[in-house]
Each structure stands twice: as C-alpha cells, then as structure tokens.
Amino acid sequence: MKLIFTKKNIIIVILIFGLLLCFGYMLKMNQIGYSTDEWLTLFVVENKDPASLVEHYAIDRPIRGYFEKYMFIAFGV
Numbered sequence: 012m013k014l015i016f017t018k019k020n021i022i023i024v025i026l027i028f029g030l031l032l033c034f035g036y037m038l039k040m041n042q043i044g045y046s047t048d049e050w051l052t053l054f055v056v057e058n059k060d061p062a063s064l065v066e067h068y069a070i071d072r073p074i075r076g077y078f079e080k081y082m083f084i085a086f087g088v
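The sequence shown runs 12 to 88 under this note's numbering.
Set out below in structure tokens:
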C-alpha cells in the first residue's frame, strides 16, 4: 500500500492530533494548577507590567519573555 501525502491529508492529520491533544488536556485543565515558575511570572506582571517579562527572562530564556509579554497583553492576568 502506497501512502500519498497531500496538503489536505496533512491538514486533516494535524487537526485530528490537535483535537486529541485538546481533548486529553482540557478535561483535566482545572486540576493542573500553577507550577513554581508561573507564580514568579504572575508576581512580576502584577508588580510591574507585561513588558518587564522580557527583562525577567533575558538571562536563561530570552524568547519566552517576548512570547509571554504578548500573551499577557492579549489575555490579561
């Protein structure tokens, strides 16, 4: 049997995996809670502003600071 990968097939596979991931995680989302790293992020945002996350993550994860800055601007705290 020969598999033919078309753009439509790839999109369908990605959607199926995405739905499975959402289904698997969303059912238990309220039981996950915050991790140790997230509490410090919330502290920085509450005491300063989302732009300060870039400086907060500058040493070990510089790209994450930009991502989280825009995430907090979009979704709020």
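Each residue gets a CB set at the ideal place from its N, CA and C atoms; glycine is no exception.
In the displayed model, residue 32 falls within a helix according to three-state DSSP. Comparing alpha carbon positions, the residue from 35, 19, 67, 36 closest to residue 50 is 67.
Of the candidates 26, 79, 25, 22, the residue whose Cα lies closest to the Cα of residue 56 is 79.
Contact annotation: residue 52 and residue 38 have beta-carbon atoms that are not nearer than 8 Å.
With a beta-carbon spacing of about 15 Å, residue 85 and residue 76 fall beyond the 8 Å limit used to define contacts. By the neighbour-count definition (other C-beta atoms within 10 Å, threshold 16), residue 61 is a buried residue. A direct Cα-to-Cα measurement between residue 83 and residue 59 gives close to 12 Å. Annotated three-state conformation of residue 52 is helix, per DSSP.
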